[in-house]
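Here is the structure we will look at.
See the structure below:
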């Protein structure tokens with residue numbers, strides 16, 4: 001059992017005082033407006049700041065926001081206004097981006113699994129950049145999006161990630177060489193290589209694996225006279241949960257060093273696909289305690305919240321993501337709890353292995369805020385499981401409030 | 001690895017020829033109307049037949065359909081018209097039932113986790129039957145739904161269940177005695193005891209544990225002059241997935257025998273809360289193959305469907321529920337596959353440990369039907385994860401079609 005105090009001071013976190021300010025601003029908004037719970041509040045000023053921080057840390061990389069992390073239209077519009085590009089997973093996300101002011105040229109179709117008619121629809125809408133990792137998909141792209149840029153996803157080690165990807169995506173560097181050569185033969189532009197070192201990656205040196213693999217593919221292609229130009233660094237940059245993550249600068253430094261090592265002066269164009277890093281720390285999820293009960297089994301109280309696995313906290317599966325908490329009773333003496341969601345589902349338990357301590361005075365009706373909950377929450381909500389409505393999102397703009 | 005052929009003959013399943021007829025009727029509908037995939041089709045005639053089969057098997061039990069299994073309005077209306085009662089998890093499900101013709105007296109508020117204002121709302125709407133398993137909740141019921149009937153959920157062994165409940169719900173028989181005594185003191189009606197032996201329970205003798213625990217509570221209460229009258233047998237009756245389940249009659253027989261053993265001639269009133277048994281075998285989920293690729297790692301092909309963990313197949317988590325499949329290439333030679341969903345999420349893999357064999361000729365655009373998919377699918381769908389729309393449900397009435 002990891003000893004994590006839910007009342008840990010947040011000021012020692014990566015984004016430090018700035019993030020703390022976001023949390024306070026959102027709390028003020030919540031306290032003032034007292035919306036129905038549960039709800040997610042996202043501060044668009046924080047989204048802008050996180051985007052700019054990455055822009056400064058990796059000035060040469062084209063930022064493709066991973067829309068799936070938080071597809072709130074206001075978030076997409078805010079990023080489009082800053083000139084961000086977008087990593088999308090489906091035609092639904094393409095429509096969303098275009099509706100919020102993104103240009104088709106700013107869109108990267110980043111899902112290796114696509115129907116031919118979805119590729120054709122993307123192409124019709126002006127999208128010209130597609131990922132692939134299999135011959136079947138490549139043939140579909142050549143047929144339905146002729147002449148487009150393609151990049152090939154290679155499978156790399158996900159160690160250090162809180163939510164690794166397994167073997168679903170990516171191919172070997174050898175296969176990538178074969179596929180990108182084939183792409184050229186098919187009249188596509190063999191633009192480059194992508195990889196993903198796993199989401200919420202806590203080890204900044206992990207990118208080394210992917211950059212080395214990309215170099216391997218570049219070399220393999222050079223032997224055949226094919227010249228790719230781009231390396232897509234994928235996602236993986238962290239948000240601030242209970243386990244501390246290194247500061248953004250450390251990630252940038254490791255990435256720059258690996259690029260120097262493997263590409264030297266022949267730097268490729270760079271893409272990066274942040275999701276959590278942009279929107280995670282920009283959100284707070286407010287919940288209400290439904291019930292606090294004594295357990296039959298051990299000395300831990302059970303605290304049931306009005307949010308759970310099926311209306312926003314999908315990433316608590318396997319206790320992979322451990323959110324920091326703030327309660328309306330902070331300061332009172334604390335004791336260990338099991339945290340659970342509101343449905344009649346036995347799997348709707350958030351934390352029973354990870355240690356959380358909450359105030360002994362906590363009772364039904366009290367507030368519990370989950371900090372840094374802006375990514376991968378609302379978009380996972382079920383439509384109506386147990387008759388419970390999906391998690392709503394409120395967007396505020398801290399700069400306008402200030 | 002369990003050796004399960006995805007093309008297993010379905011006629012040896014519990015509901016045999018009847019269920020097979022349902023699948024054929026739904027296939028005819030799907031082939032004729034060719035709706036956008038993925039989609040779930042539910043045959044209301046099969047829902048009626050499954051309900052009547054349970055009514056015949058356990059004629060003394062009041063059937064409370066577990067709405068969470070499939071909250072399609074047509075399903076609820078069909079069951080309300082047959083005189084079914086309803087097990088609901090939230091105010092949202094109460095509203096749904098009332099709107100579809102259920103009376104407030106037919107509703108059992110079966111979630112131990114409820115806000116006081118939700119209890120009050122249910123009471124205002126006429127609901128008079130509530131579950132509990134903690135003092136905090138009991139006090140809320142006494143305050144917000146005075147005079148109501150309450151039953152206390154005890155925790156029993158979930159062995160044999162494909163999706164056991166863990167320790168989230170239920171208390172010890174000793175605590176149940178204490179709570180029901182307290183209920184009487186608080187002016188509530190200490191109506192009885194409930195238990196849940198785990199969903200998709202493949203062992204019909206499992207109910208024995210719960211019925212014995214209920215008897216223990218009845219005896220404990222009798223010592224204090226309190227006389228409960230009801231035993232709620234909970235859910236757990238199976239649908240027909242790849243692992244065969246015993247026929248419904250076996251379940252009824254075991255339940256009757258356990259009731260005789262523990263209650264003899266002093267039979268309590270009975271409630272039962274079926275979900276899967278009513279609606280599971282009444283549904284077919286039609287999907288389209290997006291892509292078939294060779295794997296880098298082993299000899300299994302990867303088959304990507306347009307449905308996955310986040311748009312309908314939540315119960316493939318941990319490969320707990322293994323659906324039977326039917327493809328548009330059945331009859332062709334088969335080989336092993338990994339089955340995965342359409343999102344950019346590494347956890348969106350349906351089956352990689354359970355062995356599935358599918359036709360070697362299978363390719364993008366082909367149809368794959370998931371049989372007996374009527375329960376716990378559409379209601380779990382995410383609102384828009386990866387920009388993918390929730391799973392739609394089409395209801396047909398096989399009796400009207402015939």
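Residue numbers (full-length UniProt numbering), protein chains in the order written: chain A, 1 to 402; chain B, 1 to 402. C-beta: ideal position from N, C-alpha, C; glycine also.
- Taking a C-beta distance under 8 Å as the contact criterion, residue 401 of chain B and residue 48 of chain B do not qualify as a contact pair.
- In this structure, residue 194 of chain A places its C-beta atom within 8 Å of the C-beta atom of residue 151 of chain A.
- Residue pairing by DSSP puts residue 86 of chain A in a beta bridge opposite A:65, A:107.
- For the region 95 to 119 of chain B, the beta-carbon criterion of a distance under 9 Å to any beta-carbon of chain A is satisfied by 95, 96, 110, 111, 112, 113, 114, 115, 116, 118.
- When the Cα atoms are used, residue 139 of chain B and residue 188 of chain B turn out to be separated by approximately 10 Å.
- Excluding its 5 nearest sequence neighbours in each direction, residue 339 of chain A has C-beta neighbours in its own chain below 7 Å: 303, 305, 350, 351, 356, listed in chain order.
- With respect to residue 370 of chain A, residue 310 of chain A sits apart: the two C-beta atoms are not nearer than 8 Å.
- At least 8 Å separates the CB of residue 328 of chain A from every CB of chain B.
- Taking the Cα of residue 122 of chain B as reference, the smallest distance to any Cα among B:91, B:56, B:34 is reached at B:91.
- Following the DSSP letters along the chain, one finds residue 48 of chain B inside the alpha helix (DSSP H) bounded by residues 44 to 57.
- For residue 315 of chain A, same chain residues with a beta-carbon under 8 Å away, outside a window of 5 residues either side, are 163, 321, 376, 377, 380 in chain order.
- Residue contact check for residue 382 of chain B against chain A: a CB pair falls below 8 Å.
- Straight-line measurement puts the Cα of residue 84 of chain B at about 23 Å from the Cα of residue 211 of chain B.
- Within the region 266 to 321 of chain B, the alpha helix (DSSP H) runs of at least 4 residues that lie entirely inside it are, in chain order, 276 to 279.
- Judged by DSSP secondary structure, residue 192 of chain A falls within the beta strand (DSSP E) whose first and last residues are 189 to 194.
- 378, 379, 380, 381, 382, 383, 384, 385, 386, 387, 388, 389, 390: these are the residues of the region 375 to 401 of chain A whose beta carbon lies less than 8 Å from some beta carbon of chain B, given in chain order.
- The DSSP-derived three-state label of residue 134 of chain A is coil.
- Under a criterion of Cβ atoms nearer than 8 Å, the residues of chain A adjacent to residue 137 of chain B are, in order, 291, 293.
- Sorting A:196, A:30, A:292, A:35 by C-alpha distance to the C-alpha of residue 160 of chain A places A:196 at the top.
- Rounded to the nearest angstrom, the Cβ distance from residue 40 of chain B to residue 391 of chain B is 6 Å, consistent with a contact under 8 Å.
- With respect to the C-alpha of residue 23 of chain A, the residue from A:279, A:268, A:226 having the closest C-alpha is A:279.
- Judged by DSSP in its simplified three-state form, residue 395 of chain B adopts strand.
- Non-local beta-carbon contacts of residue 214 of chain B in its own chain, meaning distances under 6 Å to residues more than five positions away in sequence, involve 193, 231 in chain order.
- The three-state secondary structure of residue 147 of chain B, taken from DSSP, is coil.
- Among the residues of the region 43 to 67 of chain B, those with a Cβ less than 9 Å away from any Cβ of chain A are 66, 67, in the order of the chain.
- With a beta-carbon spacing of about 3 Å, residue 387 of chain B and residue 93 of chain A fall inside the 8 Å limit used to define contacts.
- Minimum Cα-Cα distance from residue 207 of chain A among the listed residues A:330, A:394, A:272 corresponds to A:272.
- Distance from the CA atom of residue 228 of chain B to the CA atom of residue 218 of chain B, rounded to whole angstroms, is 6 Å.
- Between the beta-carbon of residue 65 of chain B and that of residue 44 of chain B there is about 13 Å, and that puts the pair past the 8 Å contact cut.
- Using a Cβ-Cβ cut-off of 8 Å, residue 35 of chain A does not count as an interface residue toward chain B, since no Cβ of chain B sits closer than that to its own.
- The beta-bridge partner set that DSSP reports for residue 39 of chain A consists of A:286.
- Relative to residue 373 of chain B, the option among B:191, B:71, B:115, B:283 whose CA is nearest is B:283.
- In chain order, 89 make up the part of chain B whose C-beta sits under 7 Å from the C-beta of residue 343 of chain A.
- Under the DSSP assignment, residue 97 of chain A falls in the alpha helix (DSSP H) whose first and last residues are 91 to 99.
- Using a Cβ distance threshold of 8 Å, residue 109 of chain B and residue 149 of chain B do not count as a contacting pair.
- In the DSSP annotation of this structure, residue 323 of chain B is not part of any beta strand (DSSP E), being labelled neither H nor E.
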